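Engineer: The numbering of the sequence shown is our numbering, which starts it at 316 and goes up by one. Here it is, the structure, as structure tokens.
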Amino acid sequence: MRSASEGLPSDEDWDRVLPFQLDALGVRGRLVRLGPALDAIIERHGYPLAVARPLAEAMVLCVALATSLKYDGIFTLQISGDGPIRLLVTDLTTDGALRGYAQFDSWKLAVALGTGNQDAPDGYVPKLFGQGRLAFTVDQGQNTQRYQGVVPLEGPTLADCAHTYFRQSEQLPTGIKIVARRDETTEGNRWRASALVVQQMPEFDAGRIDVDQDQREDDWRKAVILMASATDKEMLDPALPGKTLLFRLFHAEGARLFERRAFQARCRCSRERIDGVLKSIKREELTDLRDPQGLVAVTCEFCSTQYAYGEADLDRIYETGAGGSPAP
């Protein structure tokens with residue numbers, strides 16, 4: 316651990332989460348900042364800005380929520396609806412691999428926003444997602460129980476939707492602030508996204524069992540007010556170290572900072588995984604996947620990598636049935 320007054324280079328501050336604790340208020344929190352990872356994930360798809368920014372916000376929310384849990388596997392955040400953006404999916408592994416993608420209807424998006432590459436409007440959730448749901452899934456592999464939390468999309472922002480989840484599913488007082496922005500530079504588009512989270516700690520964990528309920532509520536309100544005072548500019552400023560931001564917000568509360576955790580854009584797709592997917596489909600049902608050259612083409616929606624299979628490749632896959640036994 317280190318005190319909030321110690322310096323950290325700003326160039327080491329992005330694609331990382333910085334956990335902290337406010338002992339005086341019985342609150343713990345996290346500052347998440349994503350930059351190069353967003354560039355690598357979002358820009359390869361060429362999404363309209365009104366789709367790209369919600370995806371950036373979803374990815375920083377995914378990291379903020381995943382890092383609040385102890386798990387060994389994959390944390391997935393999925394947002395689905397009947398609006399112009401049909402689906403956002405982003406996931407994070409315990410070893411720091413982050414990825415995400417979006418599905419949207421171009422015509423519906425144009426009707427909702429008009430022409431041009433417009434940004435998502437403030438309070439965009441109802442307009443761009445319509446009626447839908449927000450789902451969190453923790454998958455720790457075989458022989459473990461899969462956890463999933465699902466809530467309706469309620470509220471104008473993704474932070475509001477996450478608040479609904481915590482109220483309904485966790486009963487854990489939580490405050491979340493999310494911002495994201497794309498800057499156009501001479502070297503191309505550059506993304507920044509940040510999330511600031513505060514959570515009230517259980518009385519025993521906080522070592523405050525002798526603090527009365529009124530004081531706990533006052534302390535919690537203070538933490539939320541201080542969190543909300545962070546400006547968008549501060550949260551996204553590449554020249555402002557995260558520790559400096561936390562010191563500005565919580566210097567009177569003596570914020571304790573913990574070891575940061577790094578992330579990177581990395582997809583988990585592979586030819587072996589695609590082999591397994593194809594093997595689960597009858598060979599005669601692959602017609603719709605064939606390209607004009609007759610190859611079976613499968614594209615990873617996360618990273619846009621294309622895997623092409625000729626007849627020899629398919630012979631190799633289908634020479635054994637599922638589980639490795641000879642095909643009938």
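All C-beta atoms in this analysis are idealised placements derived from N, C-alpha and C, irrespective of residue type, glycine included. These numbers come from a predicted model, not from an experiment.
Does the Cβ of Tyr480 have 16 or more other Cβ atoms within 10 Å, making it buried, or fewer, making it exposed?
Structural biologist: Taking the first residue of the sequence shown as position 1, residue 480 is located at position 165. The residue in question, Tyr480, is buried, as its Cβ has 16 or more Cβ neighbours within 10 Å.
Engineer: Measure from the alpha carbon of Asp406 to the alpha carbon of each residue in Arg588, Ala580, Arg505, then state which is nearest.
Structural biologist: Against the sequence shown, residue 406 aligns to sequence position 91. Minimum Cα distance to Asp406 is reached at Ala580.
Engineer: The beta strand (DSSP E) with Gln608 in it runs from where to where?
Structural biologist: One-based indexing of the sequence shown puts residue 608 at position 293. Where Gln608 is concerned, there is no enclosing beta strand (DSSP E), given that its DSSP letter is neither H nor E.
Engineer: In the DSSP assignment, what are the bridge partners of Thr452?
Structural biologist: Start at 1 with the first residue of the sequence shown, and residue 452 comes out as number 137. Answer by DSSP bridge pairing, in chain order: Thr391, Gln463.
Engineer: Confirm, please, whether the CB-CB distance from Ser509 to Gly447 is below 7 angstroms.
Structural biologist: Translated into positions along the sequence shown, residue 447 becomes position 132. Translated into positions along the sequence shown, residue 509 becomes position 194. For Gly447 and Ser509, no; Cβs fall outside 7 angstroms.
Engineer: Would you call the CB atoms of Val375 and Leu349 closer than 7 angstroms?
Structural biologist: The sequence position of residue 375 within the sequence shown is 60, counting from 1. The sequence position of residue 349 within the sequence shown is 34, counting from 1. Cβ distance < 7 angstroms, so Val375 and Leu349 count as in contact.
Engineer: Let's see if you can read the secondary structure: which residues bound the beta strand (DSSP E) around Ser509?
Structural biologist: Position 194 of the sequence shown, counted from the first residue, corresponds to residue 509. Its beta strand (DSSP E) spans residues 503-515.
Engineer: Do you know whose CA, among Arg536, Leu572, Gly464, lies nearest Leu380's CA?
Structural biologist: In the sequence shown, counting from the first residue as 1, residue 380 sits at position 65. Residue Gly464 is the option with its Cα nearest to Leu380.
Engineer: May I ask which residues mark the beginning and end of the alpha helix (DSSP H) holding Gly490?
Structural biologist: As a working note, residue 490 is residue 175 in the sequence shown. Segment 489-500 is the beta strand (DSSP E) holding Gly490; no alpha helix (DSSP H) there.
Engineer: Would you kindly work out how many angstroms separate the C-alpha atoms of Leu601 and Cys584, rounded to a whole number?
Structural biologist: As a working note, residue 601 is residue 286 in the sequence shown. As a working note, residue 584 is residue 269 in the sequence shown. Taking the straight line joining both Cα atoms gives about 20 angstroms.
Engineer: If we count the other Cβ atoms within 10 Å of its Cβ and call it buried at 16 or more, is Ala627 buried or exposed?
Structural biologist: Numbered from 1 along the sequence shown, position 312 holds the residue referred to as residue 627. By the 10 Å Cβ count, Ala627 comes out exposed.
Engineer: Would you tell me roughly how many angstroms separate the C-alpha atoms of Ile632 and Lys594, rounded to the nearest one?
Structural biologist: The residue labelled residue 632 in the question sits at position 317 within the sequence shown. The residue labelled residue 594 in the question sits at position 279 within the sequence shown. Going from the Cα of Ile632 to the Cα of Lys594 covers about 6 angstroms.
Engineer: How close, in whole Å, do the beta carbons of Ala365 and Gln433 come, if the pair is a contact with beta carbons under 8 angstroms?
Structural biologist: Within the sequence shown, the letter at position 50 stands for residue 365. Within the sequence shown, the letter at position 118 stands for residue 433. That pair is a contact at about 6 angstroms.
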